[in-house]
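Engineer: Those letters in the sequence shown? Residues 1 to 403, by UniProt numbering.
Every residue, glycine too, gets a C-beta built ideally from N, C-alpha and C.
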Amino acid sequence: MTDRQIPSWSELKPLMRPKPLVLNGTERRLADALTIADLRTVARKRTPRSVFDYTDGAAEAEISLRRARHLFRELEFQPSILHDVSHVDPTTDMIGTPSALPFAFAPTGFTRMMNHEGERAVVRVAQRRGIPYALSTMGTTSIEDVAAAGPDARKWFQLYVWKDRSAGEDLMARAKAAGYEALMLTVDVPVAGARLRDARNGFSIPPALTVKTVVDAATHPAWWMNLLTTEPLTFASLSSWSGTVADLLDKLFDPTMTIADLEWIRASWDGPLIIKGIQTVEDARRVTDAGADAVVLSNHGGRQLDRAPVPLRLLPDVAEAVGDRTQVWVDTGILSGADIIAALALGADATLIGRAYLYGLMAGGERGVDRAVAILDREIRRTMALLGVSTVKELGPQHVRLP
Ligand SMILES: Cc1cc2nc3c(=O)[nH]c(=O)nc-3n(C[C@H](O)[C@H](O)[C@H](O)COP(=O)(O)O)c2cc1C
1 MTDRQIPSWS ELKPLMRPKP LVLNGTERRL ADALTIADLR TVARKRTPRS
51 VFDYTDGAAE AEISLRRARH LFRELEFQPS ILHDVSHVDP TTDMIGTPSA
101 LPFAFAPTGF TRMMNHEGER AVVRVAQRRG IPYALSTMGT TSIEDVAAAG
151 PDARKWFQLY VWKDRSAGED LMARAKAAGY EALMLTVDVP VAGARLRDAR
201 NGFSIPPALT VKTVVDAATH PAWWMNLLTT EPLTFASLSS WSGTVADLLD
251 KLFDPTMTIA DLEWIRASWD GPLIIKGIQT VEDARRVTDA GADAVVLSNH
301 GGRQLDRAPV PLRLLPDVAE AVGDRTQVWV DTGILSGADI IAALALGADA
351 TLIGRAYLYG LMAGGERGVD RAVAILDREI RRTMALLGVS TVKELGPQHV
401 RLP
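Right under this line is the structure:
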């Protein structure tokens, strides 16, 4: 038999610690989000369906993205015990300069559509947190305006090569003049991938006012209000477009581009060159021979070729083949700090994140992007400590077993 007593007020009082009341709804939702998956849930509620799907979705049956995420989930960490991890330092070299965390914000198109604060929000967080940001050719804030919003951020410009080559030269010159440090050339979009969610949702840019979108406006009034009362959605690098994303990509992009064109890029851009969208060891070698300062193993977040190689799977072989001559980065499917640490252990010098920060942006603008970084930051430090390492250099293949 357990002896019982009636609790006295003096015993109860110290246990009563009500959560401080946060009146601002966005602040409250962001504070309650403990993971990137939580931010995604908030994002989904706060953004019109077609915009959320454009961001969240991938190409065709979305197998590339699912497989990439699956491999991150299925890998097994191998921790090493009894190391002093009282100070963990996640600082990482990215093309010769330290980044405070082992990732950069990947280039993403149409960012101002996900939330009206758009690219400016992202570059401000990049500046505050000391991590680089790659502005997309398809960005919705100009090269110069992004530079003005984040004058001290490390900025890279992501180039898509267009049929009109002089337009590309012009963009590179503007990026150079505005203080962008590196050029990131994306090479996995000779034609647009089939984003079936967009086609099914009748998604266009800017969003068209149809019966469906007007009904949607009733359930997402703040998003529509912000869209309609801020500067119209135009692009960083072309004046306007109204149609589907796939049509736009196909109209602009040059399917004739080959590796020989890297010489043309080199002639127009004398700074560091990052090649994004590498999917075989052989291609990693080819672009390294052509002088890439970093290669990004990526299948574009599963948005191009479906059933493409899983970048993480490719990583150890690529790191072995070219890792002593160029930096090897990886993206696609990263949703946590532990994913990032696993990639570093398997040979990546650094990573890029796409949707992880876009979910934050959709959930709460600049504060949401900041929340995404704070979540990843804690996860990165915690995973490093639990693995028994205090710097990213100590991470190695002994820390991860792939299935
Ligand atoms: C909404 C969205 C737009 C994107 N736009 C671009 C782009 O304009 N240029 C580019 O090189 N990559 C683009 N990407 C691909 C990202 O740079 C990155 O490779 C991808 O998001 C990584 O996968 P993750 O989202 O799983 O992190 C885009 C990705 C998303 C989700």
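#1: Please report how far the alpha carbon of M362 lies from the alpha carbon of A43, in whole angstroms.
#2: Is P48 close to ligand 1? I mean its beta-carbon at under 7 Å from any heavy atom of the ligand.
#3: Let me know if E379 comes out buried or exposed under the rule of 16 or more other beta-carbons within 10 Å of its beta-carbon.
#4: Quick one: measure Cβ to Cβ for V328 and A348, integer angstroms, because I've assumed they're closer than 8 Å.
#5: Enumerate in chain order the residues of its own chain whose CB-to-CB distance from E62 is below 8 Å, with the five nearest sequence positions on each side excluded.
#6: Classify E117 as helix, strand or coil using the three-state DSSP reduction.
#7: Does any heavy atom of ligand 1 sit closer than 7 Å to the C-beta of L352?
#8: Is there contact between the stretch 183-200 and the stretch 249-256, where contact requires at least three CB pairs shorter than 8 Å?
#9: Does DSSP classify L314 as helix, strand or coil?
#10: Between which two residues does the beta strand (DSSP E) carrying Y359 extend?
#11: Assuming M138 and F110 form a contact by the criterion Cβ under 8 Å, report the distance between their Cβ atoms to the nearest whole angstrom.
#12: Suppose the cutoff is 6 Å on Cβ atoms and the five residues either side in sequence are ignored; what does the same chain contact list for K276 look like?
#13: Taking all protein chains shown into account, decide if A106 is buried (16 or more other Cβ within 10 angstroms of its Cβ) or exposed.
#14: For N115, count neighbouring Cβ atoms within 10 angstroms of its own Cβ and tell me buried if that reaches 16, exposed if not.
#15: Between M384 and P90, is the Cβ-Cβ spacing less than 8 Å?
#16: Per DSSP, which one or two residues make a beta bridge with D89?
#17: Less than 8 Å between the C-beta atoms of D261 and V161, yes or no?
#18: Considering only heavy atoms of ligand 1, does any lie closer than 7 Å to the CB of M384?
#19: Would you check if the distance between the CB atom of T55 and the CB atom of L376 is smaller than 8 Å?
#20: Assuming contact is defined by CB atoms lying nearer than 8 Å, are L23 and R371 in contact in what I supplied?
Structural biologist: In this structure, then:
#1: 5 Å
#2: no
#3: buried
#4: 6 Å
#5: G302 and D306
#6: coil
#7: yes
#8: yes
#9: helix
#10: Taken as a continuous stretch (DSSP letters only), Y359 belongs to no beta strand (DSSP E), being part of the alpha helix (DSSP H) at R355 to L387.
#11: 6 Å
#12: M184, T186, V296 and S298
#13: buried
#14: buried
#15: yes
#16: T391
#17: yes
#18: no
#19: no
#20: no
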